[in-house]
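All the letters of the sequence shown, read from the start, carry residue numbers 4 to 119 under the numbering used here.
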Amino acid sequence: MAAREYSAEISVIRAASGGIGALAGGGEHMVSDFEAGVAETVGWWGDEGGDDLFADRMGEQCRKEEAQVIETATSITGFVNALFDAVDQEADHVQRPQTLAMDDIDAQSLQSEERR
């Protein structure tokens with residue numbers, strides 16, 4: 004039975020994590036930018052609450068769509084943040100055995116030097 008190996012370059016994993024983190028940061032601005040843009044168009048459909056049936060229907064529809072977009076963007080941003088955390092943790096899990104092995108090698112070298 005052949006031995007199985009696992010290898011990974013921590014720097015590549017960290018670089019991927021950084022790219023995902025940058026994407027997550029952009030997503031966090033997405034909702035506030037959208038809300039600011041929508042705020043500039045509120046009421047373009049007419050005056051609600053009077054005899055303007057079109058304005059009444061459009062106002063309600065626009066608020067529903069705005070809420071759906073915000074919910075979707077918030078969910079996407081949450082997913083990207085979770086992905087960033089997962090990739091960052093993966094790098095930690097990959098690096099930990101290497102760090103422990105190097106610490107053990109250093110300790111053994113020190114003990115070997117002391118015995119001489």
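C-beta: ideal position from N, C-alpha, C; glycine also.
Which residue's Cα is closest to the Cα of residue i: the options?
i, options, result
"Ala42", "Ala18, Glu69 and Pro100", "Glu69"
"Gly30", "Glu74, Asp109, Ser115 and Ala94", "Glu74"
Hey, could you find the ends of the alpha helix (DSSP H) residue i is sitting in?
i, result
"Val34", "Ile13 to Ala42"
"Asp95", "Leu56 to Arg118"
Leaving aside the five residues before and after residue i along the sequence, list all residues of the same chain whose C-beta is less than 8 Å from its C-beta, in chain order.
i, result
"Thr77", "Val34"
Could you check if residue i is buried or exposed, using at least 16 other CB atoms within 10 Å of its CB as the buried criterion?
i, result
"Gly62", "buried"
"Ser20", "buried"
"Glu13", "According to the sequence provided, residue 13 is Ile. The question's Glu does not apply to it. With fewer than 16 other Cβ atoms within 10 Å, it is exposed."
"Thr102", "exposed"
For residue i, which residues of its own chain have a beta-carbon under 6 Å away from its beta-carbon, when the five flanking residues on both sides are left out?
i, result
"Asp59", "Glu51"
"Asp91", "Ser20"
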